[in-house]
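A short write-up of the structure that comes next.
In my numbering, the protein residues as written are -5 to 332.
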């Protein structure tokens, strides 16, 4: 492993691994449980501990694999202490990031946290396991170093190519994970899905709803076709109000009858709005205020549908761009050198 790659690897593991691991942990917890599952804070902290253990394993392996084959025992001991320190730092950073995630990005409701003060006991108890796993990764790195062949015949791919593949993997992973994270995080951060005062609209019937200026929402029970084209909205002046779908499939996180946010619309001025939803007579809709989502995910849910995937793919694209620029600068430097 070349010197630039060795210096870049631990930083990349932390900068990419911590947010990616925490985002993926929430999506995995939601996907692996029953419908309507709402995790406790202890489960979220436990998932962050697993993320920290994986990071510590990778960091330990990288440090072990780069030690020269002729290093003496004193070097191995010093590097082991470094690995233990790095594992502890990575764990602390992961748990701090996890705490910040569920304070500011996905503020959990009171019924999801038994103690909103975030007790330090489980947090500190989670420090030991990842550090030990980091030492295991260090041992695996040493074994990999000893098993590596001293020479390899034939041309070898440049180290930068592996990092380009890693950048592509980061981009694809973000493209898949971030939209699901927005969906799950917004559902957990929602205080009230259908606010008070919503008016029920029967399918196939025309209903007039008095609304104040601003943005409002149309809800319906999950099932059948879920398209905004099912509903026509006309304001007091006879103008058509467009119904915009949310960027993700946004529900009330129920385990029985699921209510879905079908779309949102803007009312320019106070007055009656005529709502007609072309569906079966036994299907019902509701027209009312927007779901109350705490935290910054609100703007992503109500923003363009392409926004969450673009945010997910952006780190990988930036990383790949940086690698390509760095490779070009190095190639130009070699060309003009002595």
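Backbone N, C-alpha and C fix where the C-beta goes; we use that ideal spot for every residue, glycine too. None of the values given here were measured: they were computed from a predicted structure.
When rounded, the separation of the alpha-carbon atoms in residue 243 and residue 28 is 17 Å. Taking C-alpha positions only, residue 215 is separated from residue 254 by approximately 6 Å. Partner residues in the beta bridge of residue 238, as assigned by DSSP, are 258. A Cβ-Cβ separation of about 5 Å places residue 266 in contact with residue 204 under the 8 Å criterion. Cβ-Cβ distances below 7 Å link residue 20 to 175, 178, 179 in the same chain, with the five nearest sequence neighbours on each side left out; the list follows chain order. Here residue 103 is exposed: its Cβ has fewer than 16 other Cβ atoms, across all protein chains shown, within 10 Å.
Between residue 189 and residue 263, the C-beta spacing is not below 7 Å.
In this structure, DSSP gives residue 98 a helical state, which the three-state scheme calls helix. In the DSSP annotation of this structure, the continuous segment of the alpha helix (DSSP H) that includes residue 41 starts and ends at 35 to 59.
Classified as exposed, residue 159 has fewer than 16 neighbouring CB atoms from the shown chains inside 10 Å of its CB. In this structure, DSSP gives residue 312 a helical state, which the three-state scheme calls helix. Between the alpha carbons of residue 298 and residue 173 lies a gap of roughly 12 Å.
Nearest neighbour of residue 227 by Cα position, chosen from 268, 246, 211, turns out to be 268. Selection 184, 307, 259, 196 evaluated against residue 212 yields 259 as nearest (Cα-Cα). The continuous stretches of beta strand (DSSP E) do not include residue 291, which lies in the alpha helix (DSSP H) extending over residues 291 to 295. If you check the CB distance, residue 288 and residue 183 come in under 7 Å. If you draw a straight line from the Cα of residue 74 to the Cα of residue 8, it is about 19 Å long.
Burial is judged here by how many other beta carbons sit within 10 angstroms of a residue's own beta carbon; residue 248 has fewer than 16 and is exposed. Per the C-alpha coordinates, the member of 60, 101, 100, 122 positioned closest to residue 78 is 122. In the structure shown, the three-state DSSP call for residue 280 is strand. The secondary-structure analysis by DSSP pairs residue 178 with nothing; it has no beta-bridge partner. Judged by DSSP in its simplified three-state form, residue 227 adopts strand. Note on geometry: alpha-carbon atoms of residue 280 and residue 196 lie some 9 Å from one another.
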